[in-house]
Amino acid sequence: MEQKKFDFNSLIGFLLIGGILIWMLYLNKPTEEEIQAEKAKTEAAAQKEAEAAKSKQKITLAQATSDSMNPANPGDSLAIAQLKNKLGSFAYAQTLPSATEASTILENDVLYLKVANKGGYISEARLKQFTKYDSVPIYLIKDGNASLNLQFTSENRTLNSQDLYFEPTLSKNGEDQVLSMKLKTSENGFIEYRYTLHPGEYMMDFSINSQGLDGIINTSQPMYLDWQLKGYRHAKSISYENRYSRLTYEYEDEKHSKLSPSGEDDELEKDVAWMNFRQHFFSSMLLTDTPFKEVKLSSVDLVKDEEVDTTFTKQYGAKMLLEPKSGALSYNMNMYYGPSDYQIFKKYGRNLDEAMPLGWGIFGVINKYIIIPLFGFLSDFLPAGIAIIVLTILIKLLLSPVQYKQYLAQAKMKILKPELDEIKKKYEGNNLKIQQETMKLQNQAGASPLKGCLPALLQIPVFYALFTFFPSAFDLRQKKFLWADDLSSYDTIAELPFHIPFYGDHVSLFPILASIAIFVYMMMTMGQNMQQQQQPGMPNMKFLMYLSPLFMLVFFNNYASGLSLYYFVSNLITIGIMLVIKNFIIDEDKVHAKIQVKKATPKKQNKFQRKMAEMMEQAEQQKKAGRR
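Residue numbering for the sequence shown follows the working numbering, starting at 24 and increasing by one per position.
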């Protein structure tokens, strides 16, 4: 018998063959691109199969409905039975051909709307004439950022319209486009959303009605219309845009209020007539002819870190309590998707101008009746930047008499300085006596620091009105001037490789120029006051002189360049007016002569001055008594 021996050469051969096979498998393995392509192909096939199954299911449900109505052909009605068990009478709408993810288009010259069958609400709203800072079209609604849901009770079931399918019917009424979206229980029973879009208008008619639903909708249970929207970012500066994105509303017979622009805020209001989900320069509004009895309003600030590129600014919500009449819904409303423009709001009436952040009281009055009409007139024939300069010149000329009074008071105080210094030297260490003699001299000369402050106070309403006007002026949006690409946003002359708290990651030139102009102006007005000895309790004038320009430099770096342009030009003009008044209008020698005449003429103290003198005299006596 042949003896079996271990064949070492065969082992080496097997190993070599195995190595060759492994090497060939390695060389022929699919690339990453081939793997991804095969994966995509598999997913597409799976999606196609799912859609086919879904379509087959809808056909089956429709057929089941037909079968259930035809005793001769009962068929398999298990699926439709399950649907009816879940939705009751509203299962009917889910078996119609319109029960798909399709949409209907409504559009005019300025607005493009897409209304989805599922939910019957606007799933896309695009403003045709405007783009974002990066040239992307302005969408107020897109990719599921908004919803409009009718929540109601039907046959002991709580249903939400956003989960149900509506049947669309598009028609024409003259030049108007009319879209009827019906959530049906039968051919004659339905809830209807009706949209009517007018040519060239951002405002459209919207109504909610019901028909033939007696016994189907339980009107004794609360019925709500819930409107939700996440506001898209549209501006270059997220912090600046977010500051002016705010929920405003009208309630209780023309009262107006707003939710906080930061953090989370909510309010439960009565008799709400309209609400505006404002996204700085753009608004989404809902208005009703019949005020909602009760509305839960909410706002959540979604900008957690301003250094991070953010998609959304605010999450807005309004949950409105509806009141059916005679068992049926009937609400005539309006929807607005368009610019936050005062002139457009004013055209529609209904106090919509209150949705604009124009300031309260006198500040809003100045904006509405002076600043806005004047700037609107100028911007009709001038570029926006030039219109700002001309507006600033006109306002400064209008206030020049007030500034004259202010500078005259400062000149008198300057002339009295030698005598005031003598009083301080004579009564050194006795501050109360210094104050008494100072007031006495100022009263005799008709000169007082208050006379310089009062004219300045008169300018504050105009100052604040303009401060609120420029950030909300839609006419400045994307208007260029000099190096500024957009007067409604910050200008940039340099990008920083890091972020500075409160300042940002860029350098704006207009705030720098405005800061320099403010510093020069304050040097001219406060320089003489700083030369005087600092009075106890008086503010540090030198500190104020540096604080204001620094504040402008830091905090206005992210503000609208149009506002910084205004402050720069305004302070330049103020400096010019002061130089003209000083060198060509006020003669200090004549002013000094008039002061001497007034000092020589006995002047009767008024009641307030007598009271102040008596109080100071009593304080002096108490001080002397304390020393004893």
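For every residue, glycine included, the Cβ atom is placed at its ideal position computed from N, Cα and C.
Comparing alpha carbon positions, the residue from Asn580, Ala258 and Phe398 closest to Ala517 is Asn580.
If you draw a 10 Å sphere on the C-beta of Gly382, you find 16 or more other C-beta atoms in it, and that means buried. When secondary structure is reduced to three states using DSSP, Ala410 falls in the helix class. In terms of Cβ geometry, Tyr360 and Leu202 do not form a close pair [threshold 9 Å]. Within 10 angstroms of the beta-carbon of Asp403 lie fewer than 16 other beta-carbons, which makes it exposed. For the region 377 to 439, the continuous alpha helix (DSSP H) assignments of 4+ residues that do not extend past its boundaries occur at 385 to 389, 395 to 402 and 407 to 438, in sequence order. Closest in C-alpha terms to Asp514, from the list Asp237, Pro362, Gln174 and Ala258, comes Ala258.
Counting C-beta atoms within 10 angstroms of its own C-beta, Met298 has 16 or more neighbours from the protein chains shown and is therefore classed as buried.
Considering only Leu417, Phe578, Ile385 and Ala507, the residue with the shortest C-alpha distance to Tyr487 is Ile385. Spanning the alpha carbons of Ile418 and Gln302 requires a straight line of approximately 30 Å.
Annotated three-state conformation of Ala148 is strand, per DSSP.
For Leu248, the enclosing beta strand (DSSP E) begins and ends at Met246 to Tyr255. At least 9 Å separates the beta-carbon of Asp364 from that of Gly223. Selection Ile457, Ile608 and Phe368 evaluated against Ala434 yields Ile608 as nearest (Cα-Cα).
Excluding its 5 nearest sequence neighbours in each direction, Tyr135 has C-beta neighbours in its own chain below 7 Å: Arg149 and Lys151, listed in chain order. Rounded to whole angstroms, Gly387 and Phe398 show a C-alpha spacing of 15 Å. In this structure, the straight-line span from the alpha carbon of Phe304 to that of Ala432 is close to 43 Å. Taking C-alpha positions only, Gly527 is separated from Ser587 by approximately 16 Å. Between Tyr156 and Gly254, the gap from beta carbon to beta carbon reaches 9 Å or more. Gln366 is not a Cβ neighbour of Val425, given a cutoff of 9 Å. The three-state secondary structure of Glu518, taken from DSSP, is strand. Across the set Ala125, Phe175, Asn168 and Met246, the C-alpha of Ala125 shows the shortest separation from the C-alpha of Thr192. In terms of Cβ geometry, Asn374 and His279 form a close pair [threshold 9 Å].
Nearest Cα to Gln244 within the set Pro347, Leu163, Tyr216 and Asp294: Pro347.
Per the Cβ contact rule, the region 206 to 213 is not in contact with the region 306 to 313 (fewer than 3 Cβ pairs under 8 Å).
Taking the CA atoms as reference points, Ala104 sits about 38 Å from Met358. DSSP, reduced to helix, strand and coil, places Phe189 outside both helices and strands of the structure shown, so it counts as coil.
Excluding the 5 residues flanking it on each side, Leu344 has same chain C-beta neighbours closer than 8 Å at Pro245, Met246, Tyr247, Phe315, Lys316, Glu317 and Val318, in chain order. Taking C-beta atoms as the reference points, Arg180 and Leu110 count as a pair closer than 9 Å.
Linking Val159 to Arg256 through their CA atoms gives a straight-line distance of about 11 Å. Just so you know, the alpha carbons of Tyr188 and Gly212 end up roughly 14 Å apart.
In this structure, the straight-line span from the alpha carbon of Asn606 to that of Val323 is close to 56 Å. Where Thr242 is concerned, there is no enclosing alpha helix (DSSP H), because DSSP gives it neither an H nor an E.
DSSP, read as helix, strand or coil, puts Thr118 in helix.
For Gln366, the uninterrupted alpha helix (DSSP H) segment begins and ends at Tyr365 to Tyr371. DSSP, reduced to helix, strand and coil, places Gln501 outside both helices and strands of the structure shown, so it counts as coil.
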